[in-house]
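Residue numbers (our numbering): 11 to 353.
The structure is reproduced here in structure tokens:
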């Protein structure tokens, strides 16, 4: 989307309305180092991830390009240093009539200083800031800048804040060899074996011919999740829209089909040793998700991964619906991060 179209859409109704995204954009434009997130950022991002980043950071799904796209959607910006080695990805979000700047990710030697600059500019315009995915040992440092942990939910559906930690990381070999691994839940083993024995589900590379069926699947899935209290229907649909994006290059998208019917779509991305997983599933298929996870990992690992990943990270482990995975496959370890706000 062109920058001017974003600006026009965000223009304040009143010149006295300070708490408006367009006013903050005007402040930051003077710095020149701000622009909408574009496709070229993906290459820059993964180049950094493959560099000197702390190894644990690679396991966190927030350090995963599709989830930056998911969070920022079409209102995402990148704020970068003069040498372009420090970058902050952020977007606006309105919660309970309050406008927030949400910093999705930040990296580089100047990132702390630049985050503070962005937050100070927002504060002068009555806009609060949330910094996502901060290491727990860094909380004390950010408190010196007026930030602290946020425990308030985004909405009635989220029991904490959006995409909170700890994030559960799973051992891929445990999933692939589910039948032989004692750490895999016995019921889960039986379910996967039953699907293999009685069903004829195949996982094929996603194509545009699957799009109509996939989008209808997403609508039904979102309605079901809303009724289960996971999140609002519109939020779920928007949060999964990146699955259909052609701008994301580093991805594995699979269509799970049985007798010509699309049952699910899996979206996976590999970052080094870690495979990240997300999916939309037919809501009427009991226990399909457990089989789907195994099949998506097995097909990706065997046919699509350039190097063999060691770990699997699941998106949205803070949601109640994801808690079951802790007992299905048991996480190899957890990453403890949190979100901070200066509200």
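Just so you know, even glycine gets a beta-carbon here, dropped at the ideal spot from N, CA and C.
Every value quoted in this text rests on a predicted model; they were computed, and no experiment measured them.
For the 8 Å Cβ check, are there 3 or more pairs between the region 335 to 350 and the region 209 to 222?
-> With a cut-off of 8 Å on Cβ pairs, the region 335 to 350 is not in contact with the region 209 to 222, counting fewer than three such pairs.
Taking residue 266 as the reference, give the member of 237, 214, 254 and 52 with the closest Cα.
-> The candidate whose alpha carbon is nearest that of residue 266 is 214.
If residue 273 sits next to residue 306, beta carbons under 8 Å apart, how far is it from one beta carbon to the other, in whole angstroms?
-> Taking a contact as a CB-CB distance under 8 Å, the pair residue 273 and residue 306 does not count as one, their CB atoms being some 12 Å apart.
Within 9 Å, strictly: CB atoms of residue 339 and residue 139 = Taking a C-beta distance under 9 Å as the contact criterion, residue 339 and residue 139 do not qualify as a contact pair.
Proximity below 9 Å, CB of residue 224 to CB of residue 275 | Taking 9 Å as the cut-off, the beta carbon of residue 224 is found closer than this to the beta carbon of residue 275.
Burial state of residue 119, where buried means 16 or more other Cβ atoms lie within 10 Å = By the Cβ neighbour-count rule, residue 119 is exposed, with fewer than 16 other Cβ atoms within 10 Å of its own.
Between the Cα of residue 320 and the Cα atoms of 243, 221, 179 and 146, which residue gives the shortest distance?
-> Answer by Cα proximity: 179.
If we call anything under 9 Å between Cβ atoms a contact, is residue 98 one with residue 74?
-> Contact flag unset, no.
Going straight from the alpha carbon of residue 153 to that of residue 34, what length do you get?
-> Near 23 Å, if we compare the C-alpha coordinates of residue 34 and residue 153.
Return helix, strand or coil for residue 254, following the three-state DSSP convention.
-> Looking at residue 254 - three-state DSSP - the assignment turns out to be helix.
Check residue 242 in the structure and name its three-state DSSP category.
-> Under the three-state reduction of DSSP, residue 242 is assigned to coil, being neither helix nor strand.
Report the option in 96, 89, 51 and 91 whose CA atom is closest to the CA atom of residue 76.
-> Of the listed residues, the one whose Cα sits closest to residue 76 is 51.
Within 9 Å, strictly: CB atoms of residue 135 and residue 88 = Judged by beta-carbon spacing, residue 88 lies beyond the 9 Å limit of residue 135, meaning their Cβ atoms are not closer than that value.
How should residue 317 be labelled, buried or exposed, when 16 other C-beta atoms within 10 angstroms of its C-beta is the threshold for buried?
-> By the neighbour-count rule (16 or more Cβ atoms within 10 Å), residue 317 is not buried but exposed.
Boundaries (first-last residue) of the beta strand (DSSP E) holding residue 215 | Segment 212 to 215, the beta strand (DSSP E) holding residue 215.
Compare the C-alpha of residue 314 against each of 190, 216, 201 and 125 and name the closest.
-> Of all alpha-carbon atoms in 190, 216, 201 and 125, the one lying nearest the alpha-carbon of residue 314 is that of 216.
Short check: CB of residue 195 to CB of residue 183, under 9 Å?
-> No.
If I'm right that residue 278 touches residue 262 with Cβ under 8 Å, what's the distance once you round it to whole angstroms?
-> A Cβ-Cβ distance of about 4 Å is found for the pair residue 278 and residue 262, placing them in contact under the 8 Å criterion.
Terminal residues of the continuous alpha helix (DSSP H) containing residue 78?
-> For residue 78, the enclosing alpha helix (DSSP H) has its first and last residue at 75 to 82.
Look up residue 103 in the DSSP assignment and give the residues it is bridged to.
-> DSSP, once it has assigned bridges, lists 110 as partnering residue 103.
Helix, strand or coil at residue 288 according to DSSP, with G and I counted as helix = For residue 288, the three-state secondary structure derived from DSSP is strand.
Taking residue 129 as the reference, give the member of 202, 47, 37 and 187 with the closest Cα.
-> For the residues 202, 47, 37 and 187, the minimum Cα distance to residue 129 belongs to 37.
Same chain only: Cβ atoms within 8 Å of residue 354, ignoring 5 sequence neighbours per side = What is shown of the chain runs 11 to 353, which leaves residue 354 out entirely.
Beta carbon of residue 201 nearer than 9 Å to that of residue 102 | Against a cut-off of 9 Å, the Cβ pair of residue 102 and residue 201 comes out as no contact.
Within its chain, find whatever has a CB closer than 6 Å to the CB of residue 80; leave out the 5 residues flanking it on each side and keep chain order.
-> Only 249 and 252 meet the Cβ criterion.
Opening and closing residue of the alpha helix (DSSP H) in which residue 316 lies | Unbroken run through residue 316: none, as it is neither H nor E.
Three-state class that DSSP yields for residue 45 in the structure shown | DSSP places residue 45 in strand when its eight states are reduced to three.
Whole-angstrom Cβ separation of residue 185 and residue 142, contact assumed at under 8 Å?
-> Your pair residue 185 and residue 142 does not check out as a contact, with CB atoms roughly 27 Å apart and the cut at 8 Å.
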